[in-house]
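Residue numbers (this note's numbering), protein chains in the order written: chain V, 5 to 324; chain Z, -1 to 411; chain S, -18 to 271.
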């Protein structure tokens, strides 16, 4: 990593670690928490869509399953540790089933299968009232208190989210640089060649799905503890589309991209919507603008434009 | 139709400062001269926007009438768009309470939005007045900071069933409503009272919330003498069109959303003859209603319906509550108690007061759609007075039975 | 007995509307391999524009059919612009295509809300089609029967276009093998613009034709898009026959499924879609596997 990047990383880490102290008001700390757990969700989807070339339009259903599992287990009277572990298990197991069904196709077929699965799970959330309570949803009461630290305040919850977020980033960074990650990128770019070289393409994708499922479940659990409520709307097609848009607009296949994309969408939905009635239009316009100016995403696009500007400032000439 | 709210420039300036500066400014508020902050949680984007826009029109009309002053205090109004989903509602509720420090919130629109924030509201001790009809909010899981001046899902359906059985002399009906809690609760209430009056529900049809074509359900409507529908939003229009187009001629009765006065401007001939029961009716002859309707006509060029009137009345309750505390809003619990004890005689929906669970006791109007010239009107036929959420049932017994659901009350075979 | 007859006829007529909705999607998907997620918005825009032309919003009172054609042309032009300016830059980049089509659909939905407000718009059935046809105790609205006739006319017109014209031959070549088509000298990018415009216009036409049945309301785009996807998946991508047969089949599944299995009403369309994707991904008559 270049010294410039290292400094930038250090500054970012410092800013995030001290955020509650310089951000004005609990409300913005809460917005920051939301950006962070949606970023974890987006990172999870990015493992598949960005690094694996498998665009899932049903990921919100998996996000919702782990949230529902948490709520259901808590309602059944168990404590938070059981709920969290249970939700992770249910989430990853659901992802395994989801993968077995969707990996029969690639490309657009994969998108369609995941869309159908997402819609079916959404319908299930409405109709399986004995488990999900239908559209009245499940209310949670309270948050876990690991090592006796209460998480009910915004600041405490923010730090929990920050820890999980940091963990997720590290996990994805390790994954991407690992042999499995490299193989996954290979199956995205050249599936037939990978097959010919003896790689088990299906298995690589399957393990990537499980990893994605783990991250998605983590974010689902954080989400349900944050909002203290889960209902079928969270599993709708629009939610799946939203997280996919976070990944693509930020830059699929990059580490920072999904994080920036999550920030963009959350800020427009939660903050800009306070001043601009037509924020939905603005969000759509931003996406279109990104496609025109930086179709590879905000992060890679900005990096490219930065390099271009830097080169021009240096007087043009040979590319660096 | 965007409504320009005066506070927008103020909010833009404040928020710009907050975003750029990101530094805490200690701001001591001088309680009495500080404005009373009223927040609105509504939906202005997406499919629910129809009701959400009307909600804002209703409350803004009241605020304008009072010149943004309640009990001698200036009112600062802050409107928040929840996007129609529970997570967004939670975020906006937090924005209103934690960032904008509102004293009272009106809204949100949908039951699932309300359920997402009910615990949070109680925790933050912020009074909330909503139209959301979820029954248990004032029945089996009451929230002490929640007040409902409109109706529970079944509150208007009980008198509708009474009217259908006694006046329309209907005996064998089929119910059809969307497949979610609001539908279950409406139809459950209708069924209970209808069957108590000698009627019988033959079939209960539940199209999913997203059903562009009701044909498969309309095909099953036969061999009855009436239909009860509980559609909401823009679905009643589509349903009635397809119902008439299918050649069905049975009388149709409905509740507060199925025959909403605000839909009259979209209805066509297919709606003529529709009976509805609503806590609000456009032609109610009270002073406040005449003022309200005139103001809505002037400012927005439309006739108000259930959503507008509901928020207007919420505004009246907030103002009356603030009068009772002498303009003080520091003690939220006292403000809540004051609002709950409000009893008004002149509102656009007639006299109202609240029961001990925070739900309104008021009038329910039975209307029928008729054509007057080239306009459609809801002609009020009968008024039921002092209707509570429990109708004529004993409160204790009612609360012991399960909440109305898809299968409760069960069909008599 | 009456119930079966009524359901069967409803299935066919609903299928007709679905064909109008999905024909455009199938064409675009077939030729350009782009899942046009703006399709629902184009349907909705056509309905809103058509309602405006009919209903005298701008002191214009067009005849129903003229309004439908105008709306279709307007949205077709819009589609052409979108293709030339935006989609053309993104061949073979599914992620960017998803981003731009969803972005446009957000903008279109909010635009409709801003211009036409939140209230539903009632579009009256054209007067000469406002009656019933009775067969014993069964009643069939005349307009719905007209919709299936319109669908058949459009299907025939599209078939003639694809099968009997040079343009159609070029389109079919492009669907079967875009690279070879280019090699043979077919101006594939121009073709793309034409097909996208045609698909958009068809969607808009479907929107206004459907309006007397469905009415026009915010959220119409999100209600109709999944239906188009189901039809294209079931019937097969890039095949006109597939779209037509797929629409009828979906019409049957929709009507009989919801009437016979009300508990499964939420899944009645997506379960078959999933099954087809798992077992026969190219659909019934598809020319390629998506």
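Idealized CB from N, CA, C, for every residue including glycine.
Predicted model only: the values in this text are computed from it and were never measured.
Status (buried if at least 16 other CB within 10 Å, exposed otherwise) for residue i
| i | result |
| --- | --- |
| residue 32(V) | buried |
| residue 102(V) | buried |
| residue 38(V) | buried |
| residue 203(Z) | buried |
| residue 184(Z) | buried |
| residue 24(Z) | With a pLDDT of 40 at residue 24(Z), under the threshold of 50, the modelled position of that residue is not reliable, and the figure given next carries that caveat. Exposed is the call here. |
| residue 98(Z) | buried |
| residue 399(Z) | exposed |
| residue 295(Z) | exposed |
Test: residue i CB closer than 7 Å to a CB of chain V
| i | result |
| --- | --- |
| residue 110(Z) | yes |
| residue 409(Z) | no |
| residue 81(S) | yes |
| residue 55(Z) | no |
| residue 247(S) | yes |
| residue 402(Z) | no |
| residue 209(S) | no |
| residue 27(Z) | With a pLDDT of only 45 at residue 27(Z), under 50, the local geometry of the prediction cannot be trusted, and the value read off the model is given with reservation. Residue 27(Z) does not count as touching chain V. |
Whole-Å CB distance - residue i paired with residue j, under 8 Å assumed
| i | j | result |
| --- | --- | --- |
| residue 68(V) | residue 224(V) | 7 Å |
| residue 59(Z) | residue 297(Z) | 7 Å |
| residue 141(Z) | residue 163(Z) | At roughly 34 Å, the Cβ-Cβ gap does not stay under 8 Å, so residue 141(Z) and residue 163(Z) are not in contact. |
| residue 305(Z) | residue 243(Z) | Actually they do not touch by this definition, with Cβ atoms about 27 Å apart. |
| residue 356(Z) | residue 145(Z) | 5 Å |
Residue span of the beta strand (DSSP E) that contains residue i, given as start and end
| i | result |
| --- | --- |
| residue 122(S) | 119 to 122 |
| residue 282(V) | Per DSSP, residue 282(V) belongs to no beta strand (DSSP E) and is neither H nor E. |
| residue 171(Z) | 170 to 174 |
| residue 177(Z) | Run containing residue 177(Z): none; DSSP gives neither H nor E here. |
| residue 364(Z) | 358 to 370 |
| residue 224(Z) | 224 to 227 |
| residue 383(Z) | 373 to 385 |
| residue 273(Z) | 273 to 276 |
Test: residue i CB closer than 7 Å to a CB of chain Z
| i | result |
| --- | --- |
| residue 237(V) | yes |
| residue 30(S) | no |
| residue 171(S) | no |
| residue 5(S) | no |
| residue 267(V) | no |
| residue 29(V) | yes |
| residue 100(S) | yes |
| residue 233(V) | yes |
| residue 141(V) | yes |
Residue i, enclosing alpha helix (DSSP H) - first and last residue
| i | result |
| --- | --- |
| residue 335(Z) | 330 to 338 |
| residue -9(S) | -17 to 13 |
| residue 77(V) | 63 to 79 |
| residue 96(Z) | First-last for residue 96(Z): undefined, no H or E at that position. |
| residue 33(V) | 30 to 53 |
| residue 285(Z) | 285 to 298 |
| residue 57(Z) | 47 to 63 |
| residue 253(V) | 241 to 254 |
Proximity test, Cβ basis, 7 Å: residue i and chain B
| i | result |
| --- | --- |
| residue 6(V) | Structure shown: chain B not included; protein chains present are V, Z and S. |
Test: residue i CB closer than 7 Å to a CB of chain S
| i | result |
| --- | --- |
| residue 258(Z) | no |
| residue 11(V) | no |
| residue 99(V) | no |
| residue 299(V) | yes |
| residue 106(Z) | no |
| residue 47(Z) | yes |
| residue 271(V) | no |
| residue 223(Z) | no |
| residue 264(V) | no |
| residue 78(V) | no |
| residue 42(V) | no |
Closer than 6 Å: residue i CB and nearest the ligand NAD heavy atom
| i | result |
| --- | --- |
| residue 4(S) | What this structure holds is no ligand at all, so the ligand NAD is not there to describe. |
Checklist entry - At what residue ranges does the segment 114 to 159 of chain Z contain a whole run of the beta strand (DSSP E), taking only runs of 3 or more? => result none
Checklist entry - Going along the chain, which unbroken runs of the alpha helix (DSSP H) with 4 or more residues stay wholly within the segment 154 to 178 of chain S? => result 159 to 164
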